[in-house]
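First residue of the sequence shown? That's 1 in my numbering, and the numbers climb one at a time after it.
Some notes on the structure that comes next.
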Amino acid sequence: MLDRKKAPDFQLIETHNLPKINTQKLKNGISFHQLITKNQPVLGFQIAFEAGRCQENKTGEASFMAQLLLEGTHTHTGKQIADKISFYGASINIDSGNDFTIVSFYTLGKHLEQLLPLLKEVLQEPTFPQSELDNLKNRSVQNLKIQEERTAYRATVKLKEVLFKENHPYSASSSEESIRAIQRQDVIDFYENNIKSNPFEAYLVGDIDADSEKLITDFINSFDVDADKKDKELLENPTNSVTKIYEEIEGSVQTSIRIGRLLFNQKHPDYAAFKVMNMILGGYFGSRLMQNIREDKGYTYGISSRNAAMKNGSYFVIGTDVKKEIYQDAVSEIYKEIEKLKNEPVSEEELENVKNYMSGNFLGSLSTAFAVMDKMQDIHLYNLDENYYNDYITKLRKVTIEDVQKVAQTYLVDLTEVCIG
1 MLDRKKAPDF
11 QLIETHNLPK
21 INTQKLKNGI
31 SFHQLITKNQ
41 PVLGFQIAFE
51 AGRCQENKTG
61 EASFMAQLLL
71 EGTHTHTGKQ
81 IADKISFYGA
91 SINIDSGNDF
101 TIVSFYTLGK
111 HLEQLLPLLK
121 EVLQEPTFPQ
131 SELDNLKNRS
141 VQNLKIQEER
151 TAYRATVKLK
161 EVLFKENHPY
171 SASSSEESIR
181 AIQRQDVIDF
191 YENNIKSNPF
201 EAYLVGDIDA
211 DSEKLITDFI
221 NSFDVDADKK
231 DKELLENPTN
241 SVTKIYEEIE
251 GSVQTSIRIG
261 RLLFNQKHPD
271 YAAFKVMNMI
281 LGGYFGSRLM
291 QNIREDKGYT
301 YGISSRNAAM
311 KNGSYFVIGT
321 DVKKEIYQDA
331 VSEIYKEIEK
341 LKNEPVSEEE
351 LENVKNYMSG
361 NFLGSLSTAF
371 AVMDKMQDIH
381 LYNLDENYYN
391 DYITKLRKVT
401 IEDVQKVAQT
411 YLVDLTEVCI
421 G
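Written out as structure tokens, the structure is:
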């Protein structure tokens with residue numbers, strides 16, 4: 001008989017292996033990755049181009065290009081494209097970030113034959129209508145004005161500007177002037193230089209049968225890829241330095257606090273230990289910053305710390321929003337928690353609790369086949385070891401009390417502090 005007074009036995013998560021991904025190099029040189037899941041009737045197909053902010057000549061080109069690809073081809077208007085996608089219950093999303101432009105296409109396998117030609121048109125025959133560009137610019141300016149009213153947005157932008165310095169693509173943020181400056185030819189040039197004949201990585205996940213595989217394979221092989229295209233040379237990341245910035249906004253009742261520094265990428269040997277240390281500091285609801293700044297002091301509804309990873313580096317940031325009159329007290333308490341991590345070893349119990357939380361959270365992030373494919377995509381796009389995620393939990397388990405204190409002492413230094421409000 002079930003004894004409801006007794007908690008279920010706890011099982012420690014020691015390791016986890018991702019499902020097998022089938023990868024083949026197609027005749028045009030494109031790598032095609034497949035994950036077959038018979039319990040997933042929807043097919044997810046993604047194409048990843050190395051075409052983000054790092055490839056821009058003008059700030060915003062990549063984002064505008066991505067948003068305009070679906071607004072018209074030589075044979076379809078933007079409305080006709082949207083109507084056809086909707087008719088088949090499918091979706092096509094195109095997103096651009098710091099390093100990549102990702103095309104995501106979801107549909108039932110039986111509709112591939114009808115929709116793949118449309119996707120090919122979108123990627124190979126876009127017209128970038130002037131009217132749609134004008135509308136996008138106007139919307140972007142209005143959205144920017146709304147964002148700039150928020151101290152949280154301004155503090156985050158300022159932190160990245162200070163960390164990465166001027167002219168680095170990772171520090172770039174749009175202004176009304178930069179938005180207005182983008183011309184149709186700029187968008188076309190970005191597309192021609194970074195999408196049209198450029199290599200890409202292709203990913204297919206779902207209930208893949210022989211017909212679906214052939215249709216997608218033929219689709220990928222139909223692209224004329226210039227394998228000799230060279231990547232744009234990137235600026236080196238600057239070094240960290242102690243910087244403190246306070247910008248007062250008259251009438252603001254809130255101050256947004258951002259404290260951070262440049263950091264290494266995911267391939268660094270200290271990455272696992274730093275993730276554990278960060279989780280203890282401010283990475284989840286039970287973290288030290290939450291317990292102190294929210295639960296004990298009542299300064300804020302939420303505070304967090306995280307490592308924002310990009311292909312060519314990353315940055316660490318602590319962020320919160322507090323009442324203007326107590327922002328200095330909040331900053332002081334943040335530094336107290338940092339110094340405590342550097343000077344006092346964490347307890348075995350706290351370390352194990354965080355490791356267990358992170359292990360469970362990691363498994364939860366693999367709940368769907370699409371989520372698994374996202375992890376595999378990270379491996380290829382960020383040049384990680386092929387066993388990076390298979391070894392993830394093992395590496396977490398190996399992090400010691402000494403490791404946590406060491407990375408805190410080594411990397412929670414030379415911090416930039418931005419307070420706006």
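Cβ coordinates follow ideal geometry from the N, Cα and C atoms, glycine included.
All of these numbers come straight from a predicted model, not from anything done at the bench.
{"Check": "N292: buried (16+ other C-beta within 10 angstroms of its C-beta) or exposed?", "Outcome": "buried"}
{"Check": "Please determine, among Q254, N265 and K158, the residue with the shortest C-alpha to C-alpha distance to I245.", "Outcome": "K158"}
{"Check": "Is it the case that the Cβ atoms of L384 and Y315 are separated by a distance below 7 Å?", "Outcome": "no"}
{"Check": "Out of P169, N28 and A66, which one is the CA nearest neighbour of V103?", "Outcome": "A66"}
{"Check": "In chain order, what residues of the same chain lie with their CB nearer than 7 Å to the CB of H111, ignoring the 5 residues before and after it?", "Outcome": "Y88 and A90"}
{"Check": "Less than 7 Å between the beta carbons of T320 and I257, yes or no?", "Outcome": "yes"}
{"Check": "In chain order, what residues of the same chain have a beta carbon less than 7 Å from the beta carbon of P129, not counting five sequence neighbours either side?", "Outcome": "E71 and G72"}
{"Check": "Just tell me which of N221, E247, Y170 and R184 has its CA closest to the CA of I30.", "Outcome": "N221"}
{"Check": "By the three-class DSSP mapping on this structure, what secondary structure does N28 have?", "Outcome": "coil"}
{"Check": "Span of the alpha helix (DSSP H) holding G97?", "Outcome": "No alpha helix (DSSP H) holds G97; DSSP gives it neither H nor E."}
{"Check": "Would you list the residues sitting across from G44 in a DSSP beta bridge?", "Outcome": "Y106 and V205"}
{"Check": "With 16 other CB atoms within 10 Å as the buried threshold, where does T416 fall?", "Outcome": "buried"}
{"Check": "Let me know the secondary structure DSSP gives P19 once reduced to three states.", "Outcome": "coil"}
{"Check": "Mind checking which residues open and close the alpha helix (DSSP H) that includes T217?", "Outcome": "A210 to N221"}
{"Check": "Does the distance from the C-beta atom of P34 to that of I208 stay below 7 Å?", "Outcome": "Residue 34 is actually Gln in this sequence, not Pro. In contact: Q34 and I208 (Cβ atoms closer than 7 Å)."}
{"Check": "Just how far apart, CA to CA, sit V436 and R150?", "Outcome": "For residue 436 there is no data in the structure shown, the boundaries of the chain being 1 and 421."}
{"Check": "With 16 as the cutoff for other CB atoms within 10 Å, does V276 come out buried or exposed?", "Outcome": "buried"}
{"Check": "Could you tell me which of R397, I259 and E339 sits nearest to Y327, measuring between CA atoms?", "Outcome": "I259"}
{"Check": "In three-state DSSP terms, what is Y246?", "Outcome": "strand"}
{"Check": "Give me whichever residues DSSP pairs with N383 in a beta bridge.", "Outcome": "Answer is none; N383 lacks a bridge partner."}
{"Check": "Since I believe F274 is in contact with N307 (beta carbons under 8 Å), could you give me their beta-carbon distance rounded to a whole number of angstroms?", "Outcome": "7 Å"}
{"Check": "Distance, Cα to Cα, E166 vs L412?", "Outcome": "24 Å"}
{"Check": "Once DSSP output is grouped into helix, strand and coil, what is the label at E50?", "Outcome": "coil"}
{"Check": "May I have the straight-line CA-CA distance separating Q80 from V122, to the nearest angstrom?", "Outcome": "12 Å"}
{"Check": "Considering only DSSP beta bridges, list what L262 is partnered with.", "Outcome": "Y315"}
{"Check": "Does the beta-carbon of F285 have 16 or more other beta-carbons within 10 angstroms, so that it is buried, or is it exposed?", "Outcome": "exposed"}
{"Check": "Comparing alpha-carbon positions, which option in D99, L68 and K340 lies nearest P126?", "Outcome": "L68"}
{"Check": "Applying the criterion that 16 or more other CB atoms from any shown protein chain within 10 Å of the CB defines a buried residue, is V407 buried or exposed?", "Outcome": "buried"}
{"Check": "Would you report the Cα separation of S96 and E56, rounded to the nearest angstrom?", "Outcome": "11 Å"}
{"Check": "So the alpha helix (DSSP H) R397 belongs to, where does it begin and stop?", "Outcome": "Y392 to K398"}
{"Check": "Count the other CB atoms, across all protein chains shown, that sit within 10 Å of the CB of V242; report buried if there are 16 or more and exposed otherwise.", "Outcome": "exposed"}
{"Check": "Could you spell out where the alpha helix (DSSP H) holding N278 opens and where it closes?", "Outcome": "Y271 to N278"}
{"Check": "Evaluate contact between the stretch 198–208 and the stretch 41–55, counting only Cβ atoms and requiring at least three cross-stretch pairs below 8 Å.", "Outcome": "yes"}
{"Check": "When the Cα atoms are used, what is the spatial distance from M290 to P199?", "Outcome": "44 Å"}
{"Check": "Thinking just about the alpha-carbon of each residue, which of N387, C54 and L133 is nearest to the one in F100?", "Outcome": "C54"}
{"Check": "Bridge partners of I257, per DSSP?", "Outcome": "T320 and C419"}
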